[in-house]
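Residue numbers (our numbering): 445 to 602.
The C-beta atom is built at its ideal place from N, Cα and C for all residues, glycine as well.
In what follows, a structure is listed as structure tokens, so that the remarks can point back to it.
Set out below in structure tokens:
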């Protein structure tokens, strides 16, 4: 019985030694393990708080007034972070969408996060309302971003 088990093991090892296909699937398995490991590591790193290098902070802009009428006027824009704290040195960009202005208007925020832009919105002949689009360019070298849509300014005919 012991001799039979020993010869079976020897035969199995001999078969394994003669099998030239033994490492055929090894390289692809290693690549798959590496990809899964890197993906898992990136998920774990994104879950860990306190890693500032990977985080970006979304900015928001609050126009005052949000609704206005055609004609030249000043509109104040306050740029804030998610906690409502003002952001200095951001550039507010206002451009016409369905309401028209002559050119793109820009202004830089002060220490209180406020920028004042002078615009002269116009509506078409049979147009009751229109919008001005507001974008924010974050301060250079900061961790801020402005990827989401901001509050547009509504222009309404009186």
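Local Cβ density within 10 Å of residue i, reported as buried at 16 or more and exposed below that
i           : result
residue 507 : buried
residue 503 : buried
residue 501 : exposed
residue 582 : buried
residue 540 : buried
residue 631 : Not covered by the structure: residue 631. The range shown for the chain is 445 to 602.
C-beta atoms of residue i and residue j nearer than 7 Å
i           : j           : result
residue 524 : residue 576 : no
residue 570 : residue 505 : no
residue 574 : residue 599 : yes
residue 531 : residue 551 : no
residue 601 : residue 566 : no
residue 516 : residue 546 : no
residue 518 : residue 562 : yes
Contact belief for residue i with residue j at Cβ below 8 Å, rounded distance in angstroms
i           : j           : result
residue 534 : residue 553 : 5 Å
residue 578 : residue 596 : 6 Å
Residue range of the beta strand (DSSP E) that includes residue i
i           : result
residue 507 : 504–508
residue 536 : 535–540
residue 552 : 549–552
residue 567 : Counting along the chain, residue 567 falls outside any beta strand (DSSP E), and DSSP gives it neither H nor E.
residue 517 : 517–524
residue 607 : Past the boundaries of the shown model lies residue 607; the chain is included only from 445 to 602, so the question cannot be answered.
Review point. Would you call the segment 471–485 and the segment 541–560 touching, i.e. three or more CB-CB distances under 8 Å?
Key: no
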